[in-house]
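Okay, so here's the structure we're looking at.
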Amino acid sequence: MRVKLSALHAAIDFDYTPEKLVTKLGDIGIEIESTERTDVMFKDVFVARITCTALHPTHHKLQLIDLDLGPRGTTSVCTAATNVREGDIIPVAIPGGKTADGTAIATRMFGTVESFGMLCSWKELGLDGDLLSSEEKEGILHLGSGAIVGSPFEEAWPVADTAFEVSVTPDRGDALSVLGLARWIEVLKARDTDQPFDMGDIKLPLPSSLPRARNDGDLSVTIEDQSLCSSYIGVLVQDVASGPSSHAFRTQLYQLCVRPVSRIVDMTNLCLKQYGQPTHAFDYDRLQEHRIIVRTSLPGETIVTLDGMLRSPESGTLIIADAAGPVAVAGVMGGLASSVTAATTRIVFEIAHFDPRAVARASRHLGIKSDAAYLYERGTDPGLTVRAVPSVLSALVREQCLGSYVSRVASAGIPVPAKLPLSLDVDQVNGYLGSNLDATNMRTLFGYEGIVSKVTGTTLSVTPPSFRGDLTSWPEYVEEIVRMEGYDEFPSHTPNLVLRRGSESPLKALCKRLRQMLVGIGLVESRTVSFVRESSVTAMGLPPAPLVLNPLTVDWDALRPTMAVGLAGAAVRNLSRGREGFASFEIGKTFSVHGQSFDEETRLGLLLAGKWQDANWTTPTTPASIFVLKGIIESVLRDLHVPFGVVSSDSPLLENGASILVSSETTPLGTLGILRHDVGALLGLERDTFYAEFSVDALLESIQPISFKEFSRFPSLRRDIAVLVDSSMTAGQLQTIVAEHGGPLLKAIVVFDNFQGGSLPEGKKSVGFSMEFASPDRTLFGEEVDALVDSVEAALATRLGGILRRTRV
Amino acid sequence: MPSTLDEIRTALEQRLTAARDAQDVRNAQIEYLGKKGAVTALLKQISGLAEDQRRQFGEQVNALKQWALQAFEQRLSNLTSTARRYDIDFSLPGQLMPAGKKHILTQVEEEVESVFLSMGFDIEEGPEIEQEYYNFEALNIPADHPARDMQDTFYLAPGMLLRTHTSPIQVRTMKREHPPIRMIATGTCYRRDAVDASHTPMFTQVEGLVIDKGITFADLKGVLQEFVRGVFGSSTKVKLLPSFFPFVEPGAETAISCPICGGRGCPTCKGSGWIEMGGSGMVHQNVLREVGYDTSIYQGFAFGWGIERIAMIKYGIRDIRMFYDNDLDFLGQF
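If you read the protein sequences in the order shown, they are chains G and A. For reference, each letter of the first sequence is one residue, going 0 to 808 in numbering that gives the first Met the number 0. For reference, each letter of the second sequence is one residue, going 0 to 333 in numbering that gives the first Met the number 0.
In structure tokens:
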């Protein structure tokens, strides 16, 4: 909410500087987001009346204007403006003065005619264009009736001021008006001077009875459900005159940061901004049978609202109806058919107190956000406002000469029931706050806010003022004690708690461990958004992803079923900026949908592209490869004590023949391989990309407990062999044979060579193994190891037709 | 050749200082301690002295010999160690090592978690796709309450949404366990905010909850103070300001003394010396009742802060989008 300092000063006397006010309001929970000071930047600009206009003798686009400056005499100017007529009241800058942008004003010759100044538009005066009507922004600014001719413009218009942008939390509906802020300033004053809150300090008119009215019109008001509308007042105004608001009213709107529209709308806006009470104007003659019925909507009822939209409120929506049907969605928006038009001569102003939830429900269901609904949702004051506003409005009608008189006030639900007192236990309050206040302290603190309290021993009986709809239970009163005492005045200590160890889930611990391992191996962790584009996911051949019903953009209309999309995005970003490699992982949730239910799983994604290892003078470049990726996975699984095996995979993300499924016994852990080229292209990756995705939940299940195994303390012996076999033979098949025939003394097998081409025959490859033999209880003899190697060689030769290439000790 | 004890000592010191290599030191050792050495000569004199002088002189000569042995050894080792055997250009870089890095959000998250683990808090988790009930109703945010406007929500189906805060984990924990409860939860949350320098539709929160008999507002302040000291340094102070969050009463916004300027005022804290970090307060009675706790026995506090915000303040990061861009030039800095 935006409001100017001058409007606050008009409502209550206070001598805080704007900066001080911002701090003090912030200390009690009313945040002023920003302040904006405006100074008078022009000089020698006066209010003048046009007494005569004539065409310039030679310049056809100019007019000669005679001006009355009241006690300052008369003058004349030439102007190119077209929106000026005799009788208009306008601002004029006289020679010696300047406009807001610094342009100096001097006497000027236009042909043979001398011009003694310049008529001003809003821009030359440095006014806030957001607070002016479109008419006011067209050409020369016109001042309304009542502006004093001859007065300096800065006296006629509140130019120098400070605008506050007030940001209130949803419970502070009571601060969404000038009256509301004035009350909080009164609270500040009361607290500073240690005096009780005094409503009498508020300078705004606050009559406490319904307006006097002549009883010569017919209007009836009925409330069907008083729990949804506690009170409703209709004020009928006869002989309505249209036109703009008076000058005084218009400048008041400027201080309230309200843009003028018309007399009627300006009045309803003033009530809203000044008092926090939304009001609505109906055309009395368009209300069927002149009846107002506050009721809930029936199935199938519709209404065309002021914005021209046909609305179908859900059955049970709180509406205002006449004899024929809905004329407004209560507290949200009026209907077009009953709205005020140029032909309107009689108006009914609605002043009501609606249930906040009912208004909120209707506003959300119909998707209408109006200023009225915003206020009603946050709670309006059923007492003071509903009593005062009708009279205020009636007085404004007379002041603004809107209608000839107020005729008939029809109401229901009056008087508003008084608030019931609540009992507060002093010990309970102190036990909640960790404080040491006594009942008298608390009564004083409540007194600053206008909360009436009676002390009986260690109990306080507290009654809130009618504008504090937020005070309904004892913790809410506790908050007021904290607010008034000062949040920072309370003691601070650490709780007396039983000593114990904090714990985290095994899954969380595993995620931490995985991150640590992968970072140690040299991968960078990414964190990418969980949103993906549904069409991309479908194009990748993945199962359907959960769709977001109200996505922010079409690129983020689904939840990721894989970590690949985010990681690919991160890779593209880095590679496109000249990086030669990207090796990253992410641990996060992936999502799936099964019929009506959603699932999420913690997964680890790894992506390698370009260089794996950068080069320098000691280190050659290593390109990322499928075996770098496999090596990372093997290293992690070994470190975690997860036994595993691999088979070829059919992952839709990975190239056929270049991907494997890694499982531990029967539990699939994840897949790794070369990212399918079309998937990579879809994600913006141009080169070979290596990708793995593992289920962290599955890894957790597959971790084996660690138990000590006896190891050999005797020296081991090493033998290397190389064998020429058909290219179709896998290293794994060879390794199995080596293991079988190496016997129990064979401790480790390492593949040290895997070579094809060169001088080797077509269709053949050479595979080299290094075998390490050791015994747990003795030093081995070379001869016995050689015998084992012989048997391995024989098996390779006979079972695979392998040709032994060399044996080396 | 010097002959008295003092002369020998002074001469030997000079000789050793002048020695330029080990061989020179060994030569000097022969000159002084060898068969014809000066010290040896003195030793030989002992037996020729009168009984009363022999003892005193003997001790002095032996002391000189011991000192000389040590001096030779010392000088020898000095010379050996300072000898220039290599000529390495250390301006050359070392062999490249793996340069992995945890994401900055993970680093901050783990730092926060370790502070709370050390205070005996459990770390709880919960789903990111959440029921509306846990995200809103159970937290005293009924449908049609303006507080819902504070958190613009992504929906997946009627009643199913992406959690807008980590607070549903509080509700799930309280429904599962009985007090005393001391927990935090960190995790990804989602709000339908348009992307700009201070908003991303996805962000990370840390949530804390303590429920027991006699837990007070003062305890909340004390725990937040410990938390802030642990994460921002021991001189950081905490200030509470009134605010509104539907699931707490009294509710407070927590500000910390600006860790950049130490509270003197700088652009980061907009000159105020304080930076708002997140919400906190005493858990609302409606929330406790909803999970079936007896509010006449149990009470407690809760708080929720943004991990991104903590990281931004701690490291002076100005644009929240950087966290999710994963630019290596950014990630590599922390």
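In this text, a Cβ means the ideal position worked out from N, Cα and C, and glycines have one as well.
On the CB-based measure, 16 or more other CB atoms within 10 Å of its CB, does residue i come out buried or exposed?
i, result
"Asn-549(G)", "exposed"
"Asp-193(G)", "exposed"
"Arg-54(A)", "exposed"
"Tyr-85(A)", "exposed"
"Gln-515(G)", "exposed"
"Ser-253(G)", "The sequence as given places Tyr at residue 253(G); Ser does not occur at that position. So Tyr-253(G) counts as buried."
"Ile-413(G)", "exposed"
"His-492(G)", "exposed"
"Asn-268(G)", "buried"
"Asn-655(G)", "exposed"
Excluding the five sequence neighbours on either side, which residues of its own chain have a C-beta within less than 7 Å of the C-beta of residue i, listed in chain order?
i, result
"Ser-144(G)", "Ser-245 and His-246"
"Ser-166(A)", "Leu-138, Glu-206, Phe-246 and Gly-303"
"Glu-533(G)", "Ala-544, Leu-546, Asp-556 and Ala-557"
"Gly-138(G)", "Ala-80, Thr-81, Asn-82 and Ser-120"
"Lys-238(A)", "Ala-254 and Trp-273"
"Thr-384(G)", "Tyr-274, Gly-275 and Gln-276"
"Asp-20(A)", "Leu-78"
Please report the straight-line C-alpha distance between residue i and residue j, rounded to a whole angstrom.
i, j, result
"Arg-777(G)", "Phe-713(G)", "6 Å"
"Gly-756(G)", "Glu-685(G)", "29 Å"
"Gly-299(G)", "Pro-145(A)", "27 Å"
"Thr-152(A)", "Met-159(A)", "10 Å"
"Leu-374(G)", "Val-347(G)", "21 Å"
"Lys-763(G)", "Ser-726(G)", "5 Å"
"Ser-242(A)", "Val-454(G)", "28 Å"
"Ala-721(G)", "Gly-229(A)", "59 Å"
"Asp-88(A)", "Thr-79(A)", "22 Å"
"Met-321(A)", "Val-328(G)", "45 Å"
"Leu-636(G)", "Leu-522(G)", "16 Å"
"Phe-56(A)", "Thr-16(A)", "27 Å"
"Glu-579(G)", "Val-536(G)", "27 Å"
"Cys-188(A)", "Ile-263(G)", "46 Å"
"Asp-426(G)", "Thr-457(G)", "7 Å"
I'd like the list of long-range same chain contacts for residue i, defined as Cβ closer than 6 Å, with 5 residues on each side in sequence excluded.
i, result
"Gly-262(A)", "Ser-256 and Gly-272"
"Val-808(G)", "For Val-808(G), the pLDDT reaches just 43, beneath the cut-off of 50, and the residue's location in the model is therefore unreliable, although a value from the coordinates is still provided. Closer than 6 Å at the Cβ level, and outside the excluded window around Val-808(G), lies no residue."
"Ala-387(G)", "Leu-205 and Pro-206"
"Gly-767(G)", "Ala-721, Phe-751 and Asp-752"
"Lys-629(G)", "none"
Below 8 Å CB to CB, which residues in the same chain sit around residue i once its five sequence neighbours on both sides are set aside?
i, result
"Ile-259(A)", "Cys-265, Thr-267, Cys-268, Ile-312 and Gly-315"
"Tyr-323(A)", "Thr-199 and Met-201"
"Glu-135(G)", "Trp-121, His-141 and Pro-259"
"Pro-249(A)", "Phe-216, Pro-241, Gly-280 and Met-281"
"Ser-662(G)", "Phe-643, Gly-644, Val-645, Val-646 and Leu-668"
I think residue i touches residue j, with their Cβ atoms under 8 Å apart; what is that distance to the nearest whole Å?
i, j, result
"Val-247(A)", "Thr-235(A)", "Between Thr-235(A) and Val-247(A) the Cβ distance is about 23 Å, and since that is not below 8 Å, they are no contact."
"Val-449(G)", "Phe-196(G)", "For clarity, residue 449(G) is Gly in the given sequence; the question names Val instead. Rounded, the Cβ-Cβ distance is 4 Å, consistent with contact."
"Leu-607(G)", "Leu-513(G)", "That pair is no contact at about 16 Å."
"Ser-765(G)", "Phe-751(G)", "Not really, about 11 Å apart at Cβ, beyond 8 Å."
"Val-165(G)", "Ala-47(G)", "No, Val-165(G) and Ala-47(G) are not in contact; Cβ-Cβ is about 37 Å, not under 8 Å."
"Glu-611(G)", "Leu-91(A)", "Note that residue 611(G) is Trp in the sequence shown, not Glu. About 23 Å; that fails the 8 Å criterion."
"Gly-501(G)", "Gly-119(A)", "5 Å"
Which chain B residues sit within Cβ distance under 7 Å of residue i?
i, result
"Phe-590(G)", "No chain B appears in this structure, whose protein chains are G and A."
Using a Cβ cut-off of 9 Å, which residues of the region 673 to 694 of chain G contact any Cβ in chain A, in chain order? With the criterion set as a beta carbon lying under 9 Å from some beta carbon of chain A, the region 673 to 694 of chain G has no members that meet it.
| query | What are the residues of the region 568 to 582 of chain G that lie near chain A, defined by any Cβ-Cβ distance shorter than 7 Å? | reply | Within the region 568 to 582 of chain G, the residues whose Cβ lies closer than 7 Å to some Cβ of chain A are Ala-569, Arg-572, Asn-573 and Arg-578, listed in chain order.
Just by C-beta distance, which residues in the region 212 to 232 of chain A are closer than 8 Å to chain G?
From the region 212 to 232 of chain A, only Gly-213, Ile-214, Thr-215, Phe-216, Ala-217, Asp-218, Lys-220, Gly-221, Val-222, Gln-224 and Glu-225 have a Cβ closer than 8 Å to chain G.
- Query: Which residues, in order along the region 611 to 632 of chain G, keep a beta-carbon less than 7 Å from a beta-carbon of chain A?
  - Reply: Within the region 611 to 632 of chain G, the residues whose Cβ lies closer than 7 Å to some Cβ of chain A are Gln-612, Asp-613, Asn-615, Trp-616, Thr-617 and Thr-618, listed in chain order.
inquiry  = Any C-beta of chain A within less than 9 Å: which residues of the region 164 to 179 of chain G qualify?
reply    = Those residues of the region 164 to 179 of chain G placed with their C-beta closer than 9 Å to a C-beta in chain A are Val-167, Thr-168, Pro-169, Asp-170, Arg-171 and Gly-172, ordered along the chain.
For the region 485 to 507 of chain G, which residues have a beta carbon sitting closer than 9 Å to at least one beta carbon of chain A?
Answer in chain order: Tyr-486, Asp-487, Phe-489, Pro-490, Ser-491, His-492, Thr-493, Pro-494, Asn-495, Leu-496, Val-497, Leu-498, Arg-499, Arg-500, Gly-501, Ser-502, Glu-503, Ser-504, Leu-506 and Lys-507.
TODO: Report the residues of the region 452 to 475 of chain G with a CB closer than 7 Å to any CB of chain A, ordered along the chain.
DONE: From the region 452 to 475 of chain G, only Ser-472, Pro-474 and Glu-475 have a Cβ closer than 7 Å to chain A.
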